[in-house]
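Novice:
Residue numbers (UniProt numbering), protein chains in the order written: chain A, 1 to 388; chain B, 1 to 388.
#1: Assuming residue 271/A is part of the alpha helix (DSSP H), what are its boundary residues?
#2: Is there a Cβ of chain A sitting closer than 8 angstroms to that of residue 306/B, yes or no?
#3: Closer than 8 angstroms, CB to CB, is residue 254/B near chain A or not?
#4: Considering only residues of the same chain and omitting the five flanking positions on each side of residue 136/A, which have a CB-CB separation below 7 angstroms?
#5: Considering only the beta carbon of each residue, do residue 146/B and residue 63/B sit closer than 8 angstroms?
#6: Quick check on residue 449/A: does DSSP put it in helix, strand or coil?
#7: Pick out whichever of 74/A, 97/A and 202/A has its Cα sitting closest to the Cα of residue 58/A.
#8: Hey, out of 41/B, 92/B and 66/B, whose CA is closest to residue 373/B's CA?
#9: Could you compute how far the alpha carbon of residue 130/A sits from the alpha carbon of residue 208/A?
#10: Taking the alpha-carbon positions, what's the residue 116/A to residue 132/A distance?
#11: Excluding the five sequence neighbours on either side, which residues of its own chain have a C-beta within less than 7 angstroms of the C-beta of residue 45/A, listed in chain order?
#12: Between residue 90/A and the rest of its own chain, which residues show a CB-CB distance below 6 angstroms, the 5 nearest in sequence each way excluded?
#13: Quick one: is residue 196/B near chain A, going by C-beta distance under 8 angstroms?
#14: Looking at the unbroken beta strand (DSSP E) that takes in residue 136/B, where does it start and where does it end?
#15: Kindly list, in the order they appear in chain A, the residues whose Cβ is closer than 8 angstroms to that of residue 208/B.
#16: Just verifying my parser: in three-state terms, what is the DSSP assignment at residue 1/A?
#17: By Cβ distance, which residues of its chain are closer than 7 angstroms to residue 144/A, with the 5 residues on each side in sequence left out?
#18: Please list, in chain order, the residues of the segment 264-275 of chain B that have any C-beta partner in chain A closer than 7 angstroms.
#19: Where do the ends of the alpha helix (DSSP H) carrying residue 191/B lie?
#20: Thinking C-beta only, is residue 381/A closer than 8 angstroms to residue 157/A?
#21: Tell me the DSSP bridge mates of residue 181/B?
#22: What did DSSP end up calling residue 382/B once you bin it into helix, strand or coil?
#23: Kindly indicate which residue of 245/B, 327/B, 213/B and 236/B has the alpha-carbon position closest to the one of residue 274/B.
#24: Give the DSSP-derived three-state secondary structure of residue 262/A in the structure shown.
#25: So what does DSSP say about residue 367/B, is it helix, strand or coil?
#26: Pull up the distance between the alpha-carbon of residue 292/B and that of residue 106/B, whole angstroms please.
#27: Could you pull out every residue in the same chain whose Cβ sits closer than 6 angstroms to the Cβ of residue 261/B, ignoring the five residues on either side in sequence?
#28: What do you reckon, are the CB atoms on residue 173/A and residue 300/A nearer than 8 angstroms?
#29: Between the C-alpha atoms of residue 367/B and residue 356/B, what's the straight-line distance to the nearest angstrom?
#30: Does the beta carbon of residue 10/A come closer than 8 angstroms to any beta carbon on chain B?
#31: According to the Cβ coordinates, are residue 134/A and residue 203/A closer than 8 angstroms?
#32: Alpha carbon to alpha carbon, what distance is there between residue 182/B and residue 379/B?
#33: Can you check whether the C-beta of residue 323/B is within less than 8 angstroms of a C-beta belonging to chain A?
#34: Mapping DSSP to helix, strand and coil, what is residue 124/A?
#35: Restricting to runs no shorter than 3 residues, where is the beta strand (DSSP E) found entirely within the segment 25-84 of chain A?
#36: Quick check: residue 371/A and residue 239/A, are their CB atoms within less than 8 angstroms of each other?
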C-alpha cells in the first residue's frame with residue numbers, strides 16, 4: 001500500500017485487507033534437539049486462490065525478525081502494509097492473480113505461532129526458556145505439516161530472503177519431491193565466523209540483561225529491553241552497507257560543535273536508538289535467541305559429509321539465486337558458493353547479482369532489476385502450471 | 001620479547017625492563033568542552049636516550065585501549081611485553097639506538113594518568129562521570145605540555161595507529177612547528193556513520209548496564225562488566241577482517257551436532273567472551289566512553305570550513321601514511337582521503353598500502369613490508385638529525 005493513497009483506498013495492486021489465521025497441527029513434531037512437540041499452532045496469512053489441483057502454491061519463508069504478515073493491510077485504515085507488500089500482490093513479482101501465497105510465522109516465533117511467548121500445555125506456564133532451540137530443518141518439517149494441513153502436496157515455489165532463503169535451500173534438500181522451484185535470496189550456505197560473532201554478541205546482550213531472568217521475564221512483568229535493544233541496533237549495522245549509512249547519515253556527521261555528553265549528537269545514533277526501542281515493543285527476546293541460534297546452526301552440508309554439493313544432489317527443484325552487490329552480511333560471494341555447488345551437483349540454477357545500494361536490507365526493497373528477475377522467473381513457473 | 005626466550009633472558013632487540021613514571025603538569029589545561037583542568041598527571045615510559053639538542057624524540061600515540069606500556073617488560077620475569085614491542089627497540093623500526101621514544105597514557109585514560117578513575121582534588125572523590133569528555137585536540141595540547149616538561153621543543157616524529165594516527169594528524173595541524181614528521185597509520189580523516197554506529201552501541205551497552213550507576217560504579221564497588229564486555233566484543237569484530245575470522249575460526253564452524261543451549265559452541269564465541277572478560281579486568285568503563293567520544297568528535301576539518309585540505313595546509317611536517325588492505329574499520333580508502341588532501345594541500349607525503357590479512361589489528365603486527373616501510377622512513381628521519 002503506497003503512502004500516496006488516501007486512507008481507506010487500497011491501491012489496485014494490493015492484496016487488500018488480510019486476516020491471519022491459526023492452523024492447529026495436532027500431530028507430534030520431533031525436533032533436531034531430540035525433544036518432541038506434541039502439537040503446535042502456526043499463524044498464517046494467505047493471498048490469492050489455491051487452484052483445483054493445488055499446483056499454484058508459493059511458500060514465503062521469513063527472515064530473523066519477520067512474521068506471517070507479508071502483504072496487504074490489517075484494516076482499510078491501516079497505513080502499514082506487510083513486510084514484503086512491494087513484492088506480493090496482483091501484478092507484482094509474486095503475482096497473486098496466478099499464485100496462492102502462504103506466509104507463516106515460524107515455529108518459535110512471537111506473533112502467534114507456538115513459541116516461547118505462548119503457553120506450554122504441560123506446565124500451564126509460558127514456555128519461555130523451556131521452548132526448544134530449533135533448526136532450519138525443524139522449520140522445514142513444521143512447514144511440511146502446514147502444507148499437509150492446507151492440502152498442498154507440492155509447492156510451485158518456496159521463496160525467502162536471508163534466513164528465509166536458508167529455509168528454502170533446506171526444503172529443496174530435505175523434501176525434494178515437494179518443491180518445484182527454490183528462490184534463495186541474499187542467503188549463504190552457512191554462517192561465517194563474523195556472522196556468528198555478531199549473533200553471539202546479540203545473544204550475550206540479551207542473556208546478560210538482568211531483566212532477562214533466565215528467559216522467565218514474563219513472570220516478572222519486565223522485558224530485557226536493554227539487551228534486546230542492543231541486539232537490534234547491532235543487527236541494523238549489518239543490514240546496511242557502510243556506503244548506505246554514509247549517504248543516509250553522512251551530512252549529519254558535520255557537528256557544529258560537540259555537546260560533550262552522551263545525548264544523541266549524530267543522526268545515526270538517533271536512528272539506531274529508535275530502531276532498537278521500536279523492536280523491543282514488537283519482538284520477544286527468547287524468539288530472538290532462537291532465531292540467531294537457528295542461523296548459527298544452519299549447515300545443510302552437515303548431514304552429507306560436510307559437502308554442500310552432495311547435499312544439493314538431493315534436490316530436484318530448480319533454483320533461482322539472487323544476491324545484492326552492497327550486501328556485506330551475506331555477500332554475493334556467499335551466494336556464488338551456493339551457485340557453484342549447485343552447478344557441481346548438476347542442478348538447474350539461475351543466478352542474478354543485483355546492483356544495489358542499501359546492503360542486506362535490499363532484499364526487501366523494490367529494486368526494479370530485482371523485481372524484474374524474480375517476476376519473470378515466477379511468470380515462467382506459473383506458465384509451467386498452465387501448460388502442464 | 002619473544003616467547004622463545006627463557007624467562008629472565010631478554011632478547012637483544014628488547015628495550016629491556018622499563019619503569020613507568022608519572023609526570024605532573026602543574027599548569028591549567030583549557031579543554032574544548034570549555035572546562036579547565038587546574039593540573040594533571042601523565043604516566044609515561046621512555047625508551048632510548050634524548051640527545052643533547054633534544055632533536056631525536058619520537059612521540060608514540062596510543063589507540064582506543066592502549067596505554068604507556070608500549071615496549072619492554074615490567075620485570076625480568078615478565079613474559080608479556082608492551083603492546084608495540086615488535087616495533088620499538090634497538091634495531092627495530094622505531095630504533096631506540098637512534099631515537100628517544102616517549103609513550104604516554106593519554107589524559108582520560110585508566111592506567112595512571114589523570115582520568116575518571118583518579119581523584120578529583122576539588123571533591124576528594126574519584127572523577128567518574130564528572131571527568132570531562134575530551135577531544136583529540138585536547139590530547140595534543142596535553143601532550144605538548146608533556147613535551148615541554150621533558151624539554152622537547154620539536155618531535156622528530158609523532159607516530160600512531162588508529163586513534164593514535166588521528167592524534168598525529170592533529171599535532172601536525174595544531175602545532176606545526178613542533179613536529180617534523182607525522183606517521184599516520186590505519187587511521188581516517190574522521191569517522192564514518194558505520195564507525196560511529198559501532199561506538200554508539202558500545203556506549204549504550206555500558207550506559208545501560210545497571211551496574212554503571214551513572215558512571216559512579218566505583219562507589220558501589222561494582223563495575224559495569226556486562227556492558228564493558230559487550231563493548232569490547234563488538235570492538236573485536238571491527239578489528240578483524242571477515243577473512244581473518246574465517247581462517248582463524250573457520251575449521252571450528254563444522255559442528256558435529258548442536259548443543260541446543262547457549263553455552264559456547266563455536267570457537268569464535270569463546271574467543272570473544274574471553275576477550276571481553278579479560279578487558280573488564282584491565283579497563284575502565286568511563287575511559288572507554290571518553291575514548292569512543294574522542295573518536296566520534298575527531299574532525300580536523302571542522303575548524304577549517306569543513307575542508308581537510310585547508311586544515312592540512314597548516315601542517316609543516318612531512319607525512320607517512322600507511323594503510324592495510326584487510327582493514328575494514330579504517331579502510332585504505334580512508335587513508336587515501338588523507339593522502340589526497342595532503343597532496344591537494346601541497347604537503348610532502350609518502351603512502352604505503354600494506355597487503356595484510358588480519359584487519360585493523362594489522363597495525364600492531366610485525367608484517368615485514370610494514371616494518372620495512374616504517375623503519376626505512378624513520379632511518380631517514382634519524383639521518384636528517386645527524387646531517388642537520
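Backbone N, C-alpha and C fix where the C-beta goes; we use that ideal spot for every residue, glycine too.
Note that this is a predicted model, so its numbers are computed, not measured.
Specialist: Looking at the atomic coordinates:
#1: 267-282
#2: For residue 306/B, the closest Cβ of chain A is nearer than 8 angstroms.
#3: yes
#4: 166, 167, 170, 294 and 298
#5: Cβ distance not < 8 angstroms, so residue 146/B and residue 63/B don't count as in contact.
#6: Coverage of chain A is limited to positions 1 through 388, which leaves residue 449/A absent and any answer about it impossible.
#7: Closest option to residue 58/A, Cα to Cα, is 97/A.
#8: 92/B
#9: Going by the C-alpha atoms only, they are around 18 angstroms apart.
#10: 9 angstroms
#11: 18, 20, 68, 69, 70 and 103
#12: 13, 96 and 97
#13: Interface residue, yes.
#14: No beta strand (DSSP E) holds residue 136/B; the alpha helix (DSSP H) holding it covers 136-149.
#15: Annotation: Cβ neighbours of residue 208/B in chain A (cutoff 8 angstroms, chain order): 226, 229 and 230.
#16: With a pLDDT of only 38 at residue 1/A, under 50, the local geometry of the prediction cannot be trusted, and no value is derived from it.
#17: Closer than 7 angstroms at Cβ, skipping near neighbours: 175 and 178.
#18: 266, 268, 269 and 272
#19: Run containing residue 191/B: none; DSSP gives neither H nor E here.
#20: yes
#21: 318/B
#22: helix
#23: 236/B
#24: In the three-state reduction of the DSSP assignment, residue 262/A falls in the coil class, being assigned neither a helical nor a strand state.
#25: Coil at residue 367/B, not helix or strand.
#26: 13 angstroms
#27: none
#28: For residue 173/A and residue 300/A, yes; Cβs fall inside 8 angstroms.
#29: 8 angstroms
#30: no
#31: For the pair residue 134/A and residue 203/A, the CB atoms are not nearer than the 8 angstroms cut-off.
#32: 14 angstroms
#33: No, no contact with chain A.
#34: coil
#35: 40-47 and 57-61
#36: no
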